[in-house]
Every structure is written in structure tokens, then in C-alpha cells.
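Numbered per our numbering, the sequence shown spans residues 125 to 377. Where a beta carbon is used, it is the ideal one built from N, C-alpha and C, also for glycine. Note that this is a predicted model, so its numbers are computed, not measured. I have placed the structure first, in the form of C-alpha cells, so that the comments after it can refer back to it.
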Amino acid sequence: MRDIVSAARLEKNIESKTSSLFVSAMSIKKATLMDNGVQNGTSRNMLERCASVNEYFDVAFKVMLLGDSAVGKTCVLVRFKDGAFLGGNFIATVGIDFRNKVVTVDNMKVKLQIWDTAGQERFRSVTHAYYRDAQALLLLYDITRKASFDNIRAWLTEIYEYAQKDVVIMLLGNKSDMAAERVITHEEGEKLAKQYGVPFMETSAKTGVNVELAFQAIARELKHRNLQQPHEPKFKIHDYIDSQKQKSSCCRV
Ligand SMILES: Nc1nc2c(ncn2[C@@H]2O[C@H](COP(=O)(O)OP(=O)(O)OP(=O)(O)O)[C@@H](O)[C@H]2O)c(=O)[nH]1
125 MRDIVSAARL EKNIESKTSS LFVSAMSIKK ATLMDNGVQN GTSRNMLERC
175 ASVNEYFDVA FKVMLLGDSA VGKTCVLVRF KDGAFLGGNF IATVGIDFRN
225 KVVTVDNMKV KLQIWDTAGQ ERFRSVTHAY YRDAQALLLL YDITRKASFD
275 NIRAWLTEIY EYAQKDVVIM LLGNKSDMAA ERVITHEEGE KLAKQYGVPF
325 METSAKTGVN VELAFQAIAR ELKHRNLQQP HEPKFKIHDY IDSQKQKSSC
375 CRV
């Protein structure tokens with residue numbers, strides 16, 4: 125619980141840039157995994173945070189990763205942030221943690237502050253408190269686990285209850301590299317996303333398929349919503365995704 129309280133305090137401190145020395149229990153565990161025991165995970169993680177807090181940006185947005193435990197939220201974030209895959213033993217996230225990444229959209233530096241939440245039910249009341257500040261939510265299920273897909277409707281109900289009305293939502297079917305174990309088809313994911321009017325794609329934190337695209341699409345949508353010039357055509361996130369999406373043959377059934 126101390127980690128969670130610290131995380132809540134931390135969020136308030138981020139804008140004043142005093143947050144860089146905070147490392148949650150989750151970060152320590154996962155940074156240690158990433159480092160494979162070669163480096164001290166804690167200190168490396170702190171350095172990364174300092175670097176990203178100080179990186180130049182024009183505009184910043186908060187993005188949250190949501191979905192059942194073990195769907196791959198942390199792995200998707202690590203793939204996007206560090207270009208690596210967290211394989212090996214699964215260690216569940218404790219509470220909530222964040223990473224920053226600056227991406228370029230139309231010559232503008234867009235900082236995404238990405239909050240990685242614990243999927244386990246027992247942390248739900250803690251993570252609810254963060255929904256209202258998020259401008260975008262990436263909602264993940266695991267294409268090899270039906271329960272995680274069936275729970276998407278419940279996640280969306282929570283989102284409608286706790287998040288801002290105009291929050292950008294994207295549905296991601298993760299682990300698309302696991303073709304042999306797939307139980308949810310691409311079409312089922314697409315159909316559900318259409319019902320809720322949200323963009324959809326399948327991703328793989330392992331191979332990296334569509335991970336960069338998911339965050340790029342979110343960054344573009346948020347940038348255009350907030351800084352749209354009168355002469356600029358409206359950004360259409362669905363069209364952008366369709367034009368950029370990688371449909372690797374391994375990932376379709
Ligand atoms: N094959 C494959 N495995 C993945 C992928 N993404 C995640 N995993 C594995 O799935 C397990 C869970 O990944 P996490 O990223 O820790 O899951 P999480 O959603 O953050 O889980 P919580 O922290 O409990 O909410 C780990 O063993 C990962 O290695 C993927 O795209 N492909």
C-alpha cells in the first residue's frame with residue numbers, strides 16, 4: 125500500500141519535476157528483470173526517469189494502460205519505451221507506475237506520460253483514481269485468453285464511469301505472435317471495437333508488431349484534438365491506423 129500512496133503523491137509532483145527519484149516496487153521488479161541481473165535495476169531506472177523528465181517537449185498528455193492481469197500491459201510499455209521484450213517469469217504489477225516517452229508528430233514534440241496499471245482486481249480502487257486525469261486509454265486483452273476478452277465490456281463500463289467523457293480509447297488484442305494458442309479472432313476484436321466506436325489493432329510486445337503505431341496514433345489524435353489549426357483537415361484515427369497497420373501473416377486466423 126505504501127507504494128500506491130507514494131505513486132499518488134508522485135503524480136502530484138510530476139509537473140514540478142520532483143518525481144525523478146521515485147521508484148515503485150513494480151519498477152524495481154521489472155527493471156531488475158530487464159537488466160537480467162547485470163546492472164542495478166533501481167539506479168538504472170532512476171536515471172531513465174531523470175532523462176525523460178528533462179527531455180524537451182512542446183505538449184504533454186497522460187495515457188493509461190488498462191486490462192486484465194497478464195495481458196501484457198507492462199510488456200507493451202517496455203517495448204514502446206525501450207524496444208525490448210520482458211520475457212521470462214511473469215511478475216504482476218503492484219499498484220501503478222509510469223514511464224515518459226517523447227514522440228514527434230508533425231515537427232512537434234509530444235510527451236506521452238504513460239501510466240501502467242495493475243490488472244489485478246485488488247488494485248482496482250487505486251487505479252480508478254487515475255482515470256480522470258488520463259486523456260487516452262489503451263485497453264488490452266490477450267488473444268490467447270478468452271476471459272480477458274470477455275472482460276473488455278466490464279472495463280469499458282468502468283472507463284465510462286471514471287474517465288473523462290472525451291477520453292480517447294483504443295482496443296488492443298495483444299500477443300498476436302502466439303498464433304497457435306489464439307482463441308479470439310482478429311474479426312471478433314474488430315467487431316467489439318466497432319460496437320463501441322473505438323479504434324482497434326492487434327499488437328505483439330514480443331515482436332513489436334503495431335506497438336509503436338498504437339502510441340503514435342494516440343499521440344497524433346491528442347495533438348490534433350488539442351492543437352488543431354483552423355486550416356488543418358480533421359485527423360481521422362481510424363483511417364490513420366488502417367493505412368499504417370501491419371497485418372503479419374502469423375497473426376491472422
Ligand atoms: N508471447 C507473448 N508474450 C507476451 C506478450 N506480452 C506479454 N507477454 C507475456 O505475458 C506475461 C504478462 O505480461 P505483463 O506485461 O507483465 O502483463 P500485465 O498486463 O502488465 O500484468 P499485470 O501487471 O498483472 O497487470 C509475461 O510473461 C510476458 O512475458 C506478447 O506480446 N507475446
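Query raised in the report: F209: which of E314, P354, D290 and D301 sits nearest, CA to CA?
Result: In the sequence shown, the residue the question calls residue 209 occupies position 85. By alpha-carbon distance to F209, the top candidate from E314, P354, D290 and D301 is D301.
**Report entry** 7 Å Cβ shell around G196 - same chain, five flanking residues per side excluded
**Finding:** Here residue 196 corresponds to residue number 72 of the sequence shown, with the count starting at 1. Correct list, in chain order: L264, D266, N298, K299 and A329.
Requested in this report: Rounded to whole angstroms, what's the CA-CA distance from Q237 to I293? Just pull it up for me.
Outcome: Residue numbering aside, residue 237 sits at position 113 when the sequence shown is read from its first letter. Residue numbering aside, residue 293 sits at position 169 when the sequence shown is read from its first letter. Looking at the two C-alpha atoms, the distance is approximately 16 Å.
Query - Cβ pair count under 8 Å reaching 3, the stretch 348-358 against the stretch 303-322 - result: Verdict: no, contact absent.
Query raised in the report: Is it the case that the CB of L280 approaches a heavy atom of ligand 1 more closely than 8 Å?
Result: Residue numbering aside, residue 280 sits at position 156 when the sequence shown is read from its first letter. No, ligand 1 has no heavy atom inside 8 Å of this Cβ.
**Report entry** Contiguous beta strand (DSSP E) assignments of at least 3 residues, all confined to the stretch 250-326
**Finding:** If you keep only unbroken beta strand (DSSP E) runs of at least 3 residues inside the stretch 250-326, you get 260-266, 292-298 and 324-326.
**Report entry** CB contact flag (Q340, V229, <9 Å)
**Finding:** Reading the sequence shown from its first residue, position 216 is the one you call residue 340. Reading the sequence shown from its first residue, position 105 is the one you call residue 229. Yes, the Cβ-Cβ distance between Q340 and V229 is below 9 Å.
Query raised in the report: What does a CB cutoff of less than 6 Å around V226 pick up in its chain, not counting 5 residues either side in sequence?
Result: In the sequence shown, residue 226 corresponds to position 102, counting from 1. Closer than 6 Å at the Cβ level, and outside the excluded window around V226, lie E179, F181, K233 and K235.
Requested in this report: Sort D257, K315, K360 and A194 by Cα distance to I342 and report the nearest one.
Outcome: Numbered from its first residue, the sequence shown carries residue 342 at position 218. Ranking D257, K315, K360 and A194 by Cα distance to I342 puts K360 first.
Query raised in the report: From which residue to which residue does the beta strand (DSSP E) around A387 run?
Result: Past the edges of the chain, shown from 125 to 377, lies residue 387, and the structure says nothing about it.
Query raised in the report: With a Cβ-Cβ cutoff of 9 Å, do Q288 and Y255 count as a contact?
Result: Position 164 of the sequence shown holds residue 288. Position 131 of the sequence shown holds residue 255. Yes.
Query raised in the report: What's the C-alpha gap between I283 and D274?
Result: What you label residue 283 is simply residue 159 of the sequence shown in a count that begins at 1. What you label residue 274 is simply residue 150 of the sequence shown in a count that begins at 1. Annotation: I283 to D274 spans about 15 Å, alpha carbon to alpha carbon.
Requested in this report: Please list, in chain order, all residues of the same chain as V183 whose beta carbon is under 6 Å from its beta carbon, the five residues on each side excluded.
Outcome: Your numbering for residue 183 matches position 59 in the sequence shown. Residues of the same chain with a CB within less than 6 Å of the CB of V183, apart from the 5 flanking positions on each side, are V234 in chain order.
Query raised in the report: For L351, does the three-state DSSP call read helix, strand or coil?
Result: Translated into positions along the sequence shown, residue 351 becomes position 227. Three-state result, L351: helix.
Query - Buried/exposed call for T281, threshold 16 Cβ in 10 Å - result: Indexing the sequence shown from 1 puts residue 281 at position 157. With fewer than 16 other Cβ atoms within 10 Å, it is exposed.
Query - Cross-strand partners of V234 (DSSP beta bridge) - result: Numbered from 1 along the sequence shown, position 110 holds the residue referred to as residue 234. BP columns for V234 point to V183 and V227.
Requested in this report: For K186, count neighbouring C-beta atoms within 10 Å of its own C-beta (all shown protein chains included) and say buried if the count is 16 or more, exposed if not.
Outcome: The residue given as residue 186 occupies position 62 in the sequence shown. Buried.
**Report entry** Reference H362; option with closest CA among H355, L190, F214 and R344
**Finding:** Here residue 362 corresponds to residue number 238 of the sequence shown, with the count starting at 1. If we check each option's Cα against that of H362, R344 comes out closest.
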